[in-house]
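Take 1 as the starting number for the sequence shown in the UniProt record's numbering and just add one per residue. Ideal placement from N, C-alpha and C gives every residue a C-beta, glycine not left out.
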Amino acid sequence: MSQPDQTYLAKLLLYYEEEIEGEAYFEGLARRFPDPAQHKRLMLLAQVERHAAAGVAPLVAQYALSPRSVESLTASGHEQARRAPGTWAGLLDEMNRTYPAYLAAFEALEAMGPEADQPRLRFLTGHEVAALEYLALENTGDAQSYAPLERYLASAPVLA
């Protein structure tokens, strides 16, 4: 695809907004889970969401897309955190059930995007890959389960 269509632009904007909501969601969860290891993992997930949003923000600006206000997205993310499971096991169960679909959605966005956008779109998809790698390790009880999140935070879009 050489020129972006409205479907692509609408999804790009939505996914960008969802990253901002996601940051607030994980920050809200971190306040609910004071255990130091759980708190650390949730704050890393919040940072991953922020990093992913920053990686595609230039595309949002390039296409002159108008995201909802940070305040409304943050409020939405905090509300979602209030409705999330209240136990670590329950939260992990929900994440294991829902996160694979997010990866498929981001891969579909990549498939829609123009070639010039691919580096930033791959970077965006990479945050879901890191989250799923984290979950796989967390499910096994690996004390270093957060390593994929830290690797993602150390990365940047590979621009041509």
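Nonlocal neighbours in the same chain, by C-beta distance under 6 Å from residue i, ignoring five residues either side
i           : result
Leu44       : Tyr146, Leu149
Ile119      : Looking at the sequence itself, residue 119 is Pro, so the reference to Ile does not match. Hits under 6 Å: Pro157, Val158, Leu159.
Arg50       : Glu23
Tyr63       : Leu9
Met1        : Low local confidence applies: a pLDDT of 43 at Met1 is under 50, so the model's placement there is unreliable, with the coordinate-based value given in what follows. Closer than 6 Å at the Cβ level, and outside the excluded window around Met1, lie Pro114.
residue 206 : Outside the shown range of the chain, which is 1 to 160, sits residue 206, and nothing can be said about it.
Glu94       : Pro85
Close-in-space but distant-in-sequence residues of the same chain around residue i (CB under 8 Å, 5 per side omitted)
i           : result
residue 162 : Outside the displayed range of the chain (1 to 160) lies residue 162, so it cannot be described from this structure.
Alpha carbon of residue i to alpha carbon of residue j, nearest angstrom
i      : j      : result
Arg97  : Pro58  : 31 Å
Ala154 : Arg83  : 31 Å
Glu19  : Pro85  : 20 Å
Leu13  : Glu138 : 30 Å
Ala104 : Met112 : 13 Å
Pro4   : Thr74  : 28 Å
Thr125 : Ala30  : 23 Å
Arg151 : Arg68  : 29 Å
Val60  : Gly28  : 25 Å
Gly141 : Val48  : 21 Å
Leu92  : Ala101 : 15 Å
Phe106 : Ala46  : 18 Å
Glu17  : Ala143 : 31 Å
Leu65  : Glu79  : 25 Å
Tyr15  : Gly55  : 12 Å
Asp117 : Glu110 : 8 Å
Contact set for residue i: own chain, Cβ-Cβ below 7 Å, skip 5 residues either direction
i     : result
Phe33 : His39, Leu42, Trp88
Span of the alpha helix (DSSP H), counted from its first residue to its last, around residue i
i      : result
Ser155 : That residue, Ser155, is in no alpha helix (DSSP H); it is neither H nor E in DSSP.
Ala116 : Note, Ala116: premise wrong, no alpha helix (DSSP H); not H, not E.
Going residue by residue through the stretch 18 to 66, where are the continuous beta strand (DSSP E) segments of at least 3 residues, counting only ones entirely within it? none
Could you give the uninterrupted runs of the alpha helix (DSSP H) lying entirely in the stretch 74 to 109, keeping only those of 4 residues or more? none
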